[in-house]
Amino acid sequence: MTSDPSTNDPAEQDGLLSRLRVIEDQPLETRADALAQLHEELKARLEGGDSPGTHG
349 MTSDPSTNDP AEQDGLLSRL RVIEDQPLET RADALAQLHE ELKARLEGGD SPGTHG
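Position 35 of the sequence shown, counting from 1, maps to 383 under our numbering, and the rest follow consecutively.
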């Protein structure tokens, strides 16, 4: 059995919250770029977690 990469690990949640706080303190243009980068990273992580054989 493999581990689920999208688990609710408190350390990961704290890391994300810390990163968002840093981003929110930046000037608007820098903030927009940082949020776009974070969005792409999270999107890639979520899409990478998709399994080809889902049961419904």
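Where a beta carbon is used, it is the ideal one built from N, C-alpha and C, also for glycine.
Is the CB-CB distance between residue i and residue j below 8 Å?
i    : j    : result
R367 : L394 : no
E388 : R379 : no
Q374 : A382 : yes
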